[in-house]
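Just so you know, we're using this note's numbering here: the sequence shown kicks off at 58 and counts up by one. The structure under discussion appears below in the form of structure tokens.
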Amino acid sequence: MSTFVSGAAKEDDCYGFSIGAQTVHSKRKNREPKEENVTLGPTVREGEHVFGVAHIFASFNDTFLHVTDLSGRETLVRITGGMKVKADRDESSPYAAMLAAQDVAQRCKELGVSALHIKLRATGGNKTKTPGPGAQSALRALARSGMRIGRIEDVTPIPTDSTRRKGGRRDFILDSKTGRNQLFLSIRVIGHYMNDSVLVCSLLRELHAEIPVS
58 MSTFVSGAAK EDDCYGFSIG AQTVHSKRKN REPKEENVTL GPTVREGEHV
108 FGVAHIFASF NDTFLHVTDL SGRETLVRIT GGMKVKADRD ESSPYAAMLA
158 AQDVAQRCKE LGVSALHIKL RATGGNKTKT PGPGAQSALR ALARSGMRIG
208 RIEDVTPIPT DSTRRKGGRR DFILDSKTGR NQLFLSIRVI GHYMNDSVLV
258 CSLLRELHAE IPVS
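So, in structure tokens, the structure goes:
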């Protein structure tokens, strides 16, 4: 069997091949690609919502927005405030958190997630229990971007008994004259704001009795 091209090539790109003594001609058809509407996520009826879980970790260094499914095992989208700004000092700002939340909401809509449960946390542990400045801004931006908000939960880890805190001791030094003067001054200030001179006198009397004057 031999293959050959019969005639000169035309503009519509004809080609031929021989089967035995016959020559078969065919034309290449220019197939136009069909546009298919791809819908991600489950199919739901009108009025129903698909929920995800938005884990917002707001520290004083950055703001993390991590959206998972309800089980928490599969990540849908994860964006931080540091990905939206260039300056390091702006990573934890409310503006960076707002931009990150807007991108998260847009990606959630593309994946078919229309509602979110919020789990908000600060650093916690033996450090601060207060969320950073980007927490409120991120939550507000999610709501304004069209996402329905379900439950809002604070999941900051609070220890029942913690490890030793970073840094040195912070108590008063009583074995020096400077430390004793600082302690007396603090007692006087407390008594002044409490308007209780009797308390100040009794505390100072006890301290003078317990601490020998060098």
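Idealized CB from N, CA, C, for every residue including glycine.
- Going by DSSP, E167 is part of the alpha helix (DSSP H) stretching over 151-167.
- Between V161 and A153, the CB-CB gap reaches or exceeds 8 Å.
- Annotated as distal: G182 and S116, with beta-carbon spacing of 8 Å or more.
- At the C-beta level, V107 and A198 stay beyond 8 Å of one another.
- When the Cα atoms are used, Q193 and L168 turn out to be separated by approximately 24 Å.
- A straight-line Cα-Cα distance of about 16 Å links L196 and T125.
- Under DSSP, no beta-bridge partner is assigned to T187.
- For T120, the enclosing beta strand (DSSP E) begins and ends at 120-125.
- Within the DSSP bridge table, the entry for A115 names T120 as partners.
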